[in-house]
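This report concerns only the one structure given below.
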Amino acid sequence: MNTMMAAHPPTSRPNPGSAEASIAQFVASTGPLDSLVASGFLDRQDGHYVAQELRTPQLRQAMKYSVCLTAEPDIGHFYQEDGEPDTDWRRRRAQTVRDHCSVCPVRAACAELALREGDTVGIRGGLSPEKLKRRLVMERDRLDQALAEDQHAAQQQQARIAAAREVQRLAGQYLGTSGKREKRLENMENIREATRRRDELVAAHRRSAGWTVAA
Ligand code: SF4
Numbered sequence: 001m002n003t004m005m006a007a008h009p010p011t012s013r014p015n016p017g018s019a020e021a022s023i024a025q026f027v028a029s030t031g032p033l034d035s036l037v038a039s040g041f042l043d044r045q046d047g048h049y050v051a052q053e054l055r056t057p058q059l060r061q062a063m064k065y066s067v068c069l070t071a072e073p074d075i076g077h078f079y080q081e082d083g084e085p086d087t088d089w090r091r092r093r094a095q096t097v098r099d100h101c102s103v104c105p106v107r108a109a110c111a112e113l114a115l116r117e118g119d120t121v122g123i124r125g126g127l128s129p130e131k132l133k134r135r136l137v138m139e140r141d142r143l144d145q146a147l148a149e150d151q152h153a154a155q156q157q158q159a160r161i162a163a164a165r166e167v168q169r170l171a172g173q174y175l176g177t178s179g180k181r182e183k184r185l186e187n188m189e190n191i192r193e194a195t196r197r198r199d200e201l202v203a204a205h206r207r208s209a210g211w212t213v214a215a
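When we follow full-length UniProt numbering, the leftmost residue of the sequence shown carries the number 1, and every step to the right adds one.
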C-alpha cells in the first residue's frame, strides 16, 4: 500500500550547489504550488533555480499571483513605444521593474515562462528584452530540455486521463449488462485490467513527483 506524504510549505531554500539537495525533489516535496508562492520561493534572487524545475502549466498557474494579473498595471509600462528614444525607454523600464517586478511574488516564474515561450518583446520577470534574448541564447540547451520534459509530462497526463475514462466506460458497460453471466464476468475482468493500468500510471506519476513512498 502506498501512503501520500503530507504536503508542507518549504522551510528553507534549496542549495543548488550541493549534490544531496536535488531541487527537483525539493520542488516535489513542497506540495501545492500555492505554498511555494506563499513561502516566497519564486520571488527571491535565486528563485530561478526553483522556477526552472517547474513544468510550464505550474508556471502559468503561479502567474495568477503576479502583479500584472492582480494589480493590472498599465501594459504600456512594459513595452518600448514606437519611436521612443532608447534613453527614455531605459529610464521608464527601470522604473517599471522597480515599481512592479521587484515586488512581484512570482518574478522568477514570470522570467522562466517568458524564456520557454520565447517572449522577448517587453519586460518579463524584471528582465529587459535584451537580457531575455541573451538568456535565451545562453540557456538554449536547458530550455530545450525543459520543453521536452513539458511535452512528456503532458503526454503522461493525457495517458492517465484516458486510462481513468476507460475505467468509467467499462463500468458503465458492466452496469448495462443484464442476464448473461459469462458476459458480466468478462466485463468485470476488463474493468480489473483497466483499473490496474490506471493505478499503475497514477502510482508512477506520484513516484516521479516524490509524493508516495512504498509502505
Ligand atoms: S515579474 Fe514583472 S512582468 Fe512579470 S508578472 Fe510580475 S510585474 Fe508583471
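Glycine included, each C-beta is placed from N, C-alpha and C at the ideal position.
Short of 7 Å from the beta carbon of Gly-47, and not among the five residues preceding or following it, lie these beta carbons of its own chain, in chain order: Phe-41, Arg-107 and Ala-108. Measuring C-alpha to C-alpha distances from Pro-32 to each of Leu-54, Leu-201, Ala-71 and Ala-203 identifies Leu-54 as the nearest. Assigned with DSSP and collapsed to three states, Leu-113 falls in helix. Taking C-beta atoms as the reference points, Arg-207 and Arg-160 fail to come closer than 9 Å. Distance between Asp-144 and Arg-44, taken at the CA atoms: about 24 Å. Under DSSP, Arg-124 shares a beta bridge with Leu-127.
Phe-41 has its Cβ no nearer than 8 Å to any heavy atom of the ligand SF4. Gln-95 and Trp-89 do not touch by the CB rule: their CB atoms are close to 11 Å apart, not below 8 Å.
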